[in-house]
Amino acid sequence: MSGGATLSESSALDNERRPLSGHAKVAPGEIAIGVVIGRASEFFDFFVYAIASVLVFPQLVFSQFDPLTGTLLSFAVFAFAFVARPAGSVFFMAVDRRHGRGVKLTIALFLLGGSTAAIAFLPGWEQIGHWSVALLSICRIGQGLALGGAWDGLPSLLALNAPKEHRGWFAMMPQMGAPIGLLLASALFAFLVSILSPADFLDWGWRYPFFVAFAINVVALFARLRLVKTAEFATLLERRELEPAPVGETLRAQGLNVLIGAFAP
37 MSGGATLSES SALDNERRPL SGHAKVAPGE IAIGVVIGRA SEFFDFFVYA
87 IASVLVFPQL VFSQFDPLTG TLLSFAVFAF AFVARPAGSV FFMAVDRRHG
137 RGVKLTIALF LLGGSTAAIA FLPGWEQIGH WSVALLSICR IGQGLALGGA
187 WDGLPSLLAL NAPKEHRGWF AMMPQMGAPI GLLLASALFA FLVSILSPAD
237 FLDWGWRYPF FVAFAINVVA LFARLRLVKT AEFATLLERR ELEPAPVGET
287 LRAQGLNVLI GAFAP
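This note's numbering numbers the first residue of the sequence shown as 37 and each following residue consecutively.
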């Protein structure tokens, strides 16, 4: 019995130490930077659109309605991404299994950046009428689908490879993406509003944050592709620590918790 246990532990250690061809070794600090950049880019896109939903789209896309109705309709389009995100997760899970996580991340982040940049070229209601609403909705759905595929196991990779005495700090770092994205988006819009007239801001000034969002997404793409090709990430996948459970199995085992998590404020 003892010999069997020793043999099993030895095999596990051998597997863990086995070199994985094509994978590089990175430090926890580099993982942390890549994870924070990735999360900040996602939340920057989110908050740029959220701010524009209040300042721009009620007047640009829903100008045929009164201000209150236009704002409510703008928020309704804002919600499309939340509906599309689960579908994006299912679709990109299939892409991951068929073509690999590098291809999945590339497609997801380019879809996210492309949908965001496309909003920067959006004509208003006065130019193309209902097509303006349709194009905005399509771009927002594209953002939701992409965000569903952009989530990965990098925060887990960071927590599991952090120094033991600082693991809590490293595990907290991915959560910094939200406030960083909010601060950058808010500061950029505040700067543009302060230096432009209301007419210039509504005409072209609001578009610049969406171009910036696309540029940040490109940087985030390369940072994250570097990490998903590391030996640590491959090892976690081999141990099945990052492998998603089938949807049916998850719902059977944790259905109540899934519902609570889905509708938690």
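Heads up, the beta-carbon is just placed ideally off N, CA and C, and yes, glycines get one too.
No experiment lies behind these values; they were computed from the predicted model shown.
Given 8 angstroms, three or more beta-carbon pairs between the stretch 214 to 225 and the stretch 117 to 126: no
Mind the definition here: the stretch 242 to 251 touches the stretch 147 to 156 only if three or more C-beta pairs lie below 8 angstroms; say whether that holds. yes
Between 218, 170 and 212, which has its C-alpha nearest residue 98's C-alpha? 170
Identify, in the order they occur along the chain, each residue of the same chain with its Cβ nearer than 7 angstroms to the Cβ of residue 68, setting aside the five sequence neighbours on each side. 194, 206 and 209
Near residue 183, which residues of its chain fall below 7 angstroms by C-beta distance, leaving aside the five closest residues on each side in sequence? 78, 117, 121, 124 and 148
Exposed unless 16 or more other CB atoms sit within 10 angstroms - verdict on residue 231: exposed
Tell me whether residue 296 is buried or exposed, calling it buried when 16 or more other Cβ atoms sit within 10 Å of its Cβ. exposed
Rank 65, 103, 66 and 81 by C-alpha distance to the C-alpha of residue 216 and give the top, closest one. 81
Assuming the contact rule is C-beta atoms closer than 8 angstroms, residue 139 and residue 131 should be a hit. Round their C-beta distance to whole Å, please. 6 angstroms
In its own chain, which residues sit with a C-beta less than 7 angstroms from the C-beta of residue 229, not counting the 5 before and 5 after it? 237
Below 8 angstroms between beta carbons: does that hold for residue 203 and residue 70? no
Spatial distance of residue 291 from residue 65 (CA atoms): 36 angstroms
So the candidates are 179, 177, 242 and 212; which of them puts its Cα closest to the Cα of residue 73? 212
Could you check the C-alpha separation between residue 173 and residue 75 for me, to the nearest Å? 23 angstroms
Where residue 104 sits in the DSSP three-state scheme: helix
Please report the residue range of the alpha helix (DSSP H) in which residue 95 lies. 93 to 96
Roughly how many whole angstroms lie between the Cα atoms of residue 179 and residue 146? 10 angstroms
Select from 100, 134, 243 and 142 the residue whose C-alpha is nearest the C-alpha of residue 165. 100
Along the chain, where does the alpha helix (DSSP H) that runs through residue 217 open and close? 213 to 231
In its own chain, which residues sit with a C-beta less than 6 angstroms from the C-beta of residue 176, not counting the 5 before and 5 after it? 113, 116 and 117
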